[in-house]
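*Asks:* Sharing a structure below in structure tokens format, with a few things to ask.
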Amino acid sequence: NAGVTQTPKFRVLKTGQSMTLLCAQDMNHEYMYWYRQDPGMGLRLIHYSVGEGTTAKGEVPDGYNVSRLKKQNFLLGLESAAPSQTSVYFCASRSRGPDTQYFGPGTRLTVL
Amino acid sequence: DQQVKQNSPSLSVQEGRISILNCDYTNSMFDYFLWYKKYPAEGPTFLISISSIKDKNEDGRFTVFLNKSAKHLSLHIVPSQPGDSAVYFCAASEAYSNYQLIWGAGTKLIIKP
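Top to bottom, those sequences are chains A and B.
Letter 35 of the first sequence, counting from 1, is numbered 148 in our numbering, and no numbers are missing.
Letter 21 of the second sequence, counting from 1, is numbered 97 in our numbering, and no numbers are missing.
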């Protein structure tokens, strides 16, 4: 039981490049989330999904897209990376109701 | 407008003593509160939670207190241990928003030997 995994762990991009971050969970959770964490700030929600095939915008969605084609996977895409997207990205999942969210180990992204 | 605030960026406590981490919120609709712990280069891990119908919840060395009238919650760690050194995040949610979490900025707890 791996919980929540994220790929890759580290990535360096040049401005304008694109990439996809992959999140996978093996807990059969309905809800999945993508957050970013910047120094001195709490986690900010980028996008989330309440089930397979559904996605919704969070607090800071601009510059990102997501897809949830399979229940266990949640992809975060950057179409044209900008230095402001340098951050640590966390994926999380939870089951229905006020249950706790379970987090992946994070992806550290640097955009030059 | 920060709905969840942790006003202390860092806190230093002697090993064996009590650590008290504080969190304030502004949204009276929040009905579920959680504390997460985060070590460097790892994702946050759940520590303890409390529903708004309670004012206290205990789990071993960790106790969370909720004061709804003051819109304040606190996490007590007794006794503090070196392994407790980490960043602690407070988060809040409400059923209306499908329990999306709103996070505080975190407090870095340092336990001194």
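Even for Gly, the Cβ is constructed at its ideal location relative to N, Cα and C.
1) Would you call the CB atoms of K81(B) and D100(B) closer than 7 Å?
2) Please say whether Q90(B) and K188(B) have beta carbons closer to each other than 7 Å?
3) Assuming contact is defined by CB atoms lying nearer than 7 Å, are S206(A) and Q119(A) in contact in what I supplied?
4) Name the residue from A194(A), G171(A) and G219(A) whose alpha carbon lies nearest to the alpha carbon of V117(A).
5) On the DSSP bridge list, what partners appear for Y175(B)?
6) Name the two residues that bound the continuous beta strand (DSSP E) containing V164(A).
7) Check the Cβ of E118(B) against every Cβ in chain A and list those closer than 8 Å, keeping chain order.
8) Under DSSP, the beta strand (DSSP E) around V106(B) begins and ends at which residues?
9) Closer than 7 Å, Cβ to Cβ, to anything on chain B: give me those residues from the stretch 179 to 208 of chain A, in chain order.
10) Check whether the Cβ atoms of E143(A) and L158(A) lie closer than 7 Å to each other.
11) Taking buried to mean at least 16 other C-beta atoms within 10 Å of its own C-beta, is I178(B) buried or exposed?
12) First and last residue of the beta strand (DSSP E) that includes M140(A)?
13) Please report the straight-line C-alpha distance between V154(B) and R93(B), rounded to a whole angstrom.
14) Can you pull the chain B neighbours of L158(A), defined as C-beta to C-beta under 7 Å?
15) Rounded to a whole number of angstroms, what is the C-alpha to C-alpha distance between Y112(B) and F187(A)?
16) Of all the options N98(B), D160(B) and F141(B), which has the alpha carbon lying nearest to the alpha carbon of T121(B)?
*Replies:* With the given structure in hand:
1) yes
2) yes
3) no
4) G219(A)
5) For Y175(B), which the question treats as bridged, DSSP gives no partner whatsoever.
6) Here the sequence assigns Gly to residue 164(A), which means Val is not the residue at that position. Element bounds for G164(A): L156 to G164.
7) Proximity of chain A to E118(B) at the Cβ level (cut-off 8 Å) is accounted for by P218 and G219, in chain order.
8) Contrary to the premise, residue 106(B) reads as Phe rather than Val in this sequence. Counting along the chain, no beta strand (DSSP E) covers F106(B), and no H or E run does either.
9) F203
10) no
11) buried
12) Per DSSP, M140(A) belongs to no beta strand (DSSP E) and is neither H nor E.
13) So the alpha carbons of these two residues sit roughly 7 Å apart.
14) Q176
15) 22 Å
16) Minimum Cα distance to T121(B) is reached at D160(B).
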